[in-house]
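Student:
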Amino acid sequence: MKKFIRQNPEEAVAALLIVITTVLVLTNVFFRYFLNKGIYWSEEVATNCFVWAIFIGSAGAYRNGTQLGIDMLVNMLPETLQKIVKILVQLVLFAVNAYILYLACVYVDKTHKIATSVLGISSAWVSSSLIAGFGLTTVYTVVHLVKMIMAFPKKTEKEA
Numbered sequence: 113m114k115k116f117i118r119q120n121p122e123e124a125v126a127a128l129l130i131v132i133t134t135v136l137v138l139t140n141v142f143f144r145y146f147l148n149k150g151i152y153w154s155e156e157v158a159t160n161c162f163v164w165a166i167f168i169g170s171a172g173a174y175r176n177g178t179q180l181g182i183d184m185l186v187n188m189l190p191e192t193l194q195k196i197v198k199i200l201v202q203l204v205l206f207a208v209n210a211y212i213l214y215l216a217c218v219y220v221d222k223t224h225k226i227a228t229s230v231l232g233i234s235s236a237w238v239s240s241s242l243i244a245g246f247g248l249t250t251v252y253t254v255v256h257l258v259k260m261i262m263a264f265p266k267k268t269e270k271e272a
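Have a look at this one:
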């Protein structure tokens with residue numbers, strides 16, 4: 113368990129947040145149907161935990177290369193061309209992720225004074241999940257890009 117958390121911190125955090133979401137929703141269902149009283153704040157907290165789980169979990173999936181992708185056409189190319197296309201894709205992903213990160217910062221700055229409807233806390237607590245998720249993804253894109261560029265001149269097993 114400790115090894116999993118050390119190797120996959122984003123997935124561990126996302127899993128914990130999903131567990132919290134599930135427990136809150138099920139507890140609130142029990143309270144509503146059997147005790148005729150709902151927990152007034154549980155829906156907002158569960159939604160916030162779910163949003164954080166999505167963005168943190170997606171960054172972890174990207175770091176590990178387990179995100180969805182369609183590379184059927186790329187796999188038909190010669191190996192050197194495959195590497196070039198994959199580097200170009202990483203460059204595009206870097207630009208997109210960095211731009212969304214910038215937009216997320218602007219969004220949080222403009223909305224941080226807006227309070228949530230039930231708890232009355234700053235909506236920045238929820239929307240900053242965008243900054244965390246896209247910030248991590250942007251960093252991991254740079255890491256992937258550097259690794260790909262460093263490995264590019266090396267010959268592959270097929271070329272050797």
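Counting in this note's numbering, the sequence shown runs from 113 upward without gaps.
Ideal Cβ placement from N, Cα and C applies to all residues, glycine included.
1) Beta-carbon within less than 6 angstroms of Phe-246's beta-carbon, same chain only, minus the 5 sequence neighbours each way: which residues are those?
2) Measuring only the C-alpha atoms, how far is Gly-150 from Ser-235?
3) Quick one: what's got a C-beta closer than 6 angstroms to Ile-173's C-beta in the same chain, skipping five residues either side?
4) Per DSSP, Ala-227 forms a beta bridge with which residues?
5) Alpha carbon to alpha carbon, how far is Glu-156 from Ser-229?
6) Which whole-angstrom value is the C-beta distance of Thr-249 and Ala-171, which I expect to be below 8 angstroms?
7) What span of residues does the alpha helix (DSSP H) with Asn-148 cover, start to end?
8) Quick test of the definition: if touching needs 3 or more C-beta pairs under 8 angstroms, does the segment 153-169 touch the segment 128-139?
9) Look up Leu-189 in the DSSP assignment and say whether it is helix, strand or coil.
10) Taking only three categories from DSSP, how would you classify Gly-247?
11) Is it buried or exposed, Lys-114, if we count other Cβ atoms within 10 angstroms and call 16 or more buried?
12) Do you know how far the Cα of Ala-227 is from the Cα of Val-186?
13) I'd like to know whether the C-beta atoms of Ser-240 and Val-220 end up nearer to each other than 8 angstroms.
14) May I have the straight-line CA-CA distance separating Thr-133 from Asn-160, to the nearest angstrom?
15) Among residues of its own chain, excluding the 5 on either side of Lys-198, which ones have a beta-carbon nearer than 8 angstroms to its beta-carbon?
Tutor: Walking through what the data contain:
1) Asn-209, Ile-212, Leu-213 and Ala-216
2) Rounded to whole angstroms, Gly-150 to Ser-235 spans 23 angstroms at the Cα level.
3) For the sequence presented, residue 173 should be read as Ala rather than Ile. Excluding sequence neighbours, Ala-173 sits near Gln-179.
4) Ser-234
5) 8 angstroms
6) 5 angstroms
7) Unbroken run through Asn-148: none, as it is neither H nor E.
8) Short answer: they touch.
9) Note: Leu-189 maps to coil in three-state DSSP.
10) helix
11) exposed
12) 47 angstroms
13) yes
14) 9 angstroms
15) Val-186 and Met-260
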